[in-house]
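*Asks:* Going by my numbering, the sequence shown opens with residue 9, and the numbers climb by one from there. Just dropping this structure here.
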Amino acid sequence: MTKSKFFSIRILYLTVALSLFISPCSEVSAYSKMENTESKAAIIIDDFGGIGKGTDEFLKGSLPITVAIMPFMENSTAIAEEAHEQGFEIMIHMPMEPKKGKRSWLGPQPITSDLSLEEVRFRVEQAIENVPHAKGLNQHMGSKIVENKSMIYTILKVAKEHDLYVIDSGTNPASCIGTLAEKMKIPYAERHLFLDDTHSSQDYVYNMTRRLVDLADENGQAIGIGHVGIKGVETYKAIERAEAYFREKDVELVPASYLLETDIDQDPVHFWEQIE
């Protein structure tokens with residue numbers, strides 16, 4: 009039976025010339041899933057870079073998650089190097105101004121609406137330097153910035169220059185990321201669900217992970233996002249508990265890039281082997 013396309017990853021390689029101001033931001037139409045023999049899911053774990061709980065568990069464990077690191081934190085570069093050595097795929101978890109929330113939650117050098125476009129470019133370039141080995145980028149918070157077409161174009165232009173794919177964390181349904189990524193031919197996808205929040209119990213995260221597996225089983229692909237932090241250990245244990253359900257439903261857990269058309273290594277069987 010053909011699986012539903014509604015939640016499929018939107019792989020954006022359309023031959024449309026970029027025009028920043030022709031039309032307002034709009035939802036990108038769903039694309040068909042890749043023709044794979046197995047269903048696949050990616051789990052991105054955000055907020056690496058500091059001393060958030062769960063950091064050691066994820067980096068020393070065997071779960072093939074994608075490591076999203078906030079730049080400019082005390083341990084950002086060191087964690088990027090460690091994650092790379094352990095064979096994890098790395099993303100830049102770029103802090104961006106939200107509509108609501110404390111500025112302190114953004115960490116150092118975020119993208120805020122008072123910056124010039126030159127400074128936005130500079131901060132993204134610096135983030136790429138601060139988080140070595142990154143293959144992709146998603147946003148930390150960012151519900152305000154993702155509506156700003158000029159700023160998002162600037163961010164995506166730098167991402168394209170460095171061959172980064174982009175995942176929209178889905179903090180605002182009016183986000184311009186998808187529209188511009190489509191026009192700029194940048195490998196792109198959206199988060200389907202969050203696995204946790206600041207105070208999620210292990211059982212809650214376990215059930216959300218099972219839901220992610222079900223989405224992937226039904227639709228071919230799915231992306232979930234979890235976090236290190238206050239309940240990071242519980243998030244790790246919950247995903248670990250759900251490994252049996254992945255096997256039961258024949259859903260493969262893979263790096264985020266494996267769901268996109270990129271030049272990144274797409275052999276997850278060996279992707280997670282430790283680098284010698």
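Note that CB positions come from ideal geometry on N, CA and C, so glycine has one too.
1. With a CB to CB cut of under 8 Å and the five nearest residues on each side skipped, what residues in its chain are close to Leu4?
2. Check whether the stretch 210-221 touches the stretch 169-189, counting contact only when three or more Cβ pairs, one atom from each stretch, lie closer than 8 Å.
3. How is the alpha helix (DSSP H) around Asn83 delimited, first residue to last?
4. With DSSP as the reference, identify every bridge partner of Thr74, one or two as the case may be.
5. Would DSSP call Gly232 helix, strand or coil?
6. Would you please state the rounded distance, in angstroms, between the beta carbons of Ala76 and His101? I believe it to be under 8 Å.
7. Just the C-alpha distance for Gly178 and Arg199, rounded to the nearest angstrom, thanks.
8. Please list, in chain order, all residues of the same chain as Ile87 whose beta carbon is under 8 Å from its beta carbon, the five residues on each side excluded.
9. Between which residues of its own chain and Thr85 is the CB-CB distance below 8 Å, once the five residues before and five after are set aside?
10. If distances are taken between C-alpha atoms only, which option among Asp176, Lys143, Ala182 and Ser151 comes closest to His170?
11. Since Phe254 and Ile233 should fall inside the 8 Å C-beta cutoff, what is the C-beta to C-beta distance between them, to a whole number of angstroms?
12. Rounded to whole angstroms, what's the CA-CA distance from Tyr196 to Leu145? Just pull it up for me.
13. Using a Cβ-Cβ cutoff of less than 7 Å, which residues in the same chain neighbour Lys152 once the five nearest sequence positions on both sides are dropped?
14. Can you say whether Leu125 is buried or exposed, counting buried as having 16 or more other CB atoms within 10 angstroms of its CB?
15. Looking at C-alpha atoms only, which residue of Val241, Val236 and Ile231 is the closest neighbour of Leu268?
16. For Ala197, which beta-bridge partners are listed by DSSP?
17. In whole angstroms, give me the CA-to-CA distance for Thr162 and Pro103.
18. In whole angstroms, what is the alpha-carbon distance linking Val221 and Lys168?
19. Just to confirm, is the Cβ distance from Leu228 to Ser47 under 8 Å?
20. DSSP three-state call for Ser158: helix, strand or coil?
21. Using 10 angstroms around the beta-carbon of Asp204, count the other beta-carbons present and answer buried if the total reaches 16, otherwise exposed.
22. What is the residue span of the beta strand (DSSP E) that Glu260 lies within?
*Replies:* The structure says:
1. Any question about residue 4 goes unanswered here, given that the chain covers just 9 to 284.
2. no
3. Along the sequence shown, read from residue 1 onward, the residue named residue 83 stands at position 75. Counting along the chain, Asn83 falls outside any alpha helix (DSSP H), and DSSP gives it neither H nor E.
4. Along the sequence shown, one-based indexing puts residue 74 at 66. Its beta-bridge partners are Ile52 and Glu97.
5. The sequence position of residue 232 within the sequence shown is 224, counting from 1. Strand, per DSSP.
6. Mapped onto the sequence shown, residue 76 falls at position 68. Mapped onto the sequence shown, residue 101 falls at position 93. About 4 Å; that satisfies the 8 Å criterion.
7. If you number the sequence shown from 1, residue 178 lands on position 170. If you number the sequence shown from 1, residue 199 lands on position 191. Their backbone Cα atoms lie some 6 Å apart in a straight line.
8. Here residue 87 corresponds to residue number 79 of the sequence shown, with the count starting at 1. Cβ within range, chain order: Phe56, Gly57, Thr63, Leu67, Val75 and Ile77.
9. Counted from its first residue, the sequence shown places residue 85 at position 77. The answer, listed in chain order, is Asn138, Val139 and Pro140.
10. Here residue 170 corresponds to residue number 162 of the sequence shown, with the count starting at 1. Answer by Cα proximity: Lys143.
11. Sequence index remark: in the sequence shown, residue 254 carries index 246 (1-based). Sequence index remark: in the sequence shown, residue 233 carries index 225 (1-based). Wrong, their Cβ atoms sit about 17 Å apart, outside the cutoff.
12. Start at 1 with the first residue of the sequence shown, and residue 196 comes out as number 188. Start at 1 with the first residue of the sequence shown, and residue 145 comes out as number 137. Approximately 10 Å, taken between the alpha carbons.
13. As a first step, residue 152 must be located in the sequence shown, where it is residue number 144. Answer for Lys152: Glu105, Pro106, Lys107 and Ser121, listed in chain order.
14. Numbered from 1 along the sequence shown, position 117 holds the residue referred to as residue 125. By the neighbour-count rule (16 or more Cβ atoms within 10 Å), Leu125 is not buried but exposed.
15. Mapped onto the sequence shown, residue 268 falls at position 260. The candidate whose alpha carbon is nearest that of Leu268 is Ile231.
16. For the purposes of this step, residue 197 is taken as residue 189 along the sequence shown, with counting starting at 1. DSSP, once it has assigned bridges, lists Ile175 as partnering Ala197.
17. By 1-based counting over the sequence shown, the position of residue 162 is 154. By 1-based counting over the sequence shown, the position of residue 103 is 95. Their Cα atoms are separated by approximately 15 Å.
18. What you label residue 221 is simply residue 213 of the sequence shown in a count that begins at 1. What you label residue 168 is simply residue 160 of the sequence shown in a count that begins at 1. So the alpha carbons of these two residues sit roughly 30 Å apart.
19. By one-based count along the sequence shown, residue 228 stands at place 220. By one-based count along the sequence shown, residue 47 stands at place 39. First, the amino acid is wrong: residue 228 is Gly here, not Leu. Yes.
20. For the purposes of this step, residue 158 is taken as the residue at position 150 of the sequence shown. Helix, per DSSP.
21. Within the sequence shown, the letter at position 196 stands for residue 204. Buried, since its Cβ has 16 or more Cβ neighbours within 10 Å.
22. Indexing the sequence shown from 1 puts residue 260 at position 252. Looking at the DSSP string, the run of the beta strand (DSSP E) that includes Glu260 is Val259 to Leu261.
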